[in-house]
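Sequence order for the protein chains is D and B. Note that the first sequence covers residues 1 to 123 in our numbering. Note that the second sequence covers residues 1001 to 1234 in our numbering.
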Amino acid sequence: MEQIGLSHIAITTGILLILTGLWGILTQKNIIKMIIGFSLFDTGIHIVMVGVGYVEGKTAPILDEAVQLKEAARQIVDPLPQAMVLTAIVIGIGITALMLAYALRLYQKNKTLDIQKFNDLKW
Amino acid sequence: MLKKIFTAAVIVAFAIILLKGYGFSGPDQQLNEVAERYAEKGPEEVGAANLVTAVIVTYRGLDTLGEVTILFLTASIIGFFLKTRREDLTAPPQVRKTSEILSTASRIISPIIFLFGAYVFINGHLTPGGGFQGGAIVASGLVLMLLANPLKTVNHKIISVVESISGISFVLLGVLGLVLAAGFLDNAFIGPGRFGSLISAGAIPIIYIFIGLKVGSELSGIVSNLQETQKEEI
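Below, the structure written as structure tokens:
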């Protein structure tokens, strides 16, 4: 490991966020806090994915004045992880909204958000 | 106690997997083959200055169609799940009055936010941005409007009409690419235009406008569904 670069920082942050989110999902009792943990997990994965697609010293994959058309392959970072993260963010929004809707209905039915009070499926 | 040990073990194992997977070997020094192919052939094949857009709308357009479908599915599940029972709404709910600053500012800023959203998805093939981001911006304008006036009802009919029309148009444009050009969602059936100008990259701007409208109306539908449930009882 030569020196700490941009992608090291991004990936370390991302992994820490993933682990924080996992901890939140596993330990929290409040459903809203579990959803927040899920969101952190999601964000961490996005940061790691973009970080992995980084190529040292290259610029964004947009071909404007900063990038010569002929030299594009040697001047830009990988566009594919960025496209995948774009789709992942939208799916993440959808899933978070769905979980919040479930949480809302659960609260309206049982007047509590404590996951340990929901024992309908326990035997 | 056992549970705590188990939790810690899971987190440590996950950390090891993640660190092993990345390996901390540092960033790549050059692009891999797929990305290089996109960078070299993308400008002439697709004609979009923003290569991320070229990947999303053309090279992997089918994935995007699937993704829009997932979002549609989520929006309809939420709509079904949070369906307001009209007869339950007897008394108008008590809401706190919003502040003067918020209600005045939202009247000025909301149209600008909608305009900015439209700008972002129309220019998706040139600048960072595109249909999904623009749609999210449009929906955030609606959130501001609802925050300023919590009792406002959103017209679901308009939302679902816009959503259906843009969804169908997206698929029809894909089929048009299949008939007139090389394959499903191929953008080459409209002339490529001058590289880097607004009217370029074939059908990408048109497809992205429909994606933007669809995402915007879906997210607005989700937000307004969540807001209507709040009216039931708090």
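C-beta atoms are modelled at their ideal positions from N, C-alpha and C, and glycine is treated no differently.
CB contact below 8 angstroms: residue i versus chain B
i: V50 of chain D; result: no
i: A97 of chain D; result: yes
i: D114 of chain D; result: no
i: G21 of chain D; result: no
i: I76 of chain D; result: yes
i: L40 of chain D; result: no
i: D64 of chain D; result: yes
Under 8 angstroms between C-beta atoms of residue i and residue j
i: L113 of chain D; j: I31 of chain D; result: yes
i: I1070 of chain B; j: G94 of chain D; result: yes
i: G1061 of chain B; j: G1131 of chain B; result: no
i: L1219 of chain B; j: A101 of chain D; result: no
i: I1207 of chain B; j: L1173 of chain B; result: yes
i: V1052 of chain B; j: L86 of chain D; result: yes
i: A97 of chain D; j: I1078 of chain B; result: yes
i: G1124 of chain B; j: N1050 of chain B; result: yes
i: I36 of chain D; j: G53 of chain D; result: no
i: G21 of chain D; j: F41 of chain D; result: yes
i: L1176 of chain B; j: F1189 of chain B; result: yes
i: Q75 of chain D; j: T59 of chain D; result: yes
i: F1114 of chain B; j: G1135 of chain B; result: no
Chain D contact for residue i (CB, 8 angstroms cutoff)
i: L1031 of chain B; result: yes
i: A1203 of chain B; result: no
i: T1104 of chain B; result: no
i: T1064 of chain B; result: yes
i: P1043 of chain B; result: yes
i: F1014 of chain B; result: yes
i: R1060 of chain B; result: yes
i: A1118 of chain B; result: no
i: A1049 of chain B; result: yes
Residue i (DSSP reduced to helix, strand or coil)
i: S1160 of chain B; result: helix
i: N1187 of chain B; result: coil
i: S1200 of chain B; result: strand
i: D1063 of chain B; result: helix
i: N30 of chain D; result: strand
i: D42 of chain D; result: helix
i: L1031 of chain B; result: coil
i: T1098 of chain B; result: coil
i: S1003 of chain B; result: Reading off the sequence, residue 1003 of chain B comes out as Lys, not Ser. Here K1003 of chain B sits in helix by DSSP.
i: L1082 of chain B; result: coil
i: Y54 of chain D; result: coil
i: N1149 of chain B; result: coil
Among the options, nearest to residue i - alpha-carbon criterion
i: S1217 of chain B; options: B:G1129, B:S1076, B:A1049; result: B:S1076
i: H1156 of chain B; options: B:E1045, B:F1006, B:E1228; result: B:E1228
i: D1186 of chain B; options: B:R1096, B:R1037, B:F1170; result: B:F1170
i: Q28 of chain D; options: D:K111, D:A60, D:L121, D:I115; result: D:I115
i: L1178 of chain B; options: B:T1007, B:F1114, B:E1036, B:T1058; result: B:T1058
i: A1203 of chain B; options: B:N1225, B:S1160, B:A1048, B:L1002; result: B:A1048
i: V48 of chain D; options: D:V67, D:F118, D:L19; result: D:L19
i: L1226 of chain B; options: B:K1152, B:S1166, B:G1183; result: B:K1152
i: S1160 of chain B; options: B:P1111, B:L1144, B:S1224, B:N1149; result: B:S1224
i: P1043 of chain B; options: D:T43, D:K33, D:I62; result: D:I62
Per DSSP, cross-strand counterpart(s) of residue i
i: I62 of chain D; result: B:N1050
i: V979 of chain B; result: Given a span of 1001 to 1234 for chain B in the structure shown, any question on residue 979 of chain B remains unanswerable.
i: I76 of chain D; result: D:T59
i: D114 of chain D; result: D:N30
Contact test: residue i Cβ vs the ligand SAH heavy atom, cutoff 7 angstroms
i: G1183 of chain B; result: Absence of the ligand SAH is noted for the structure shown, with no ligands found whatsoever.
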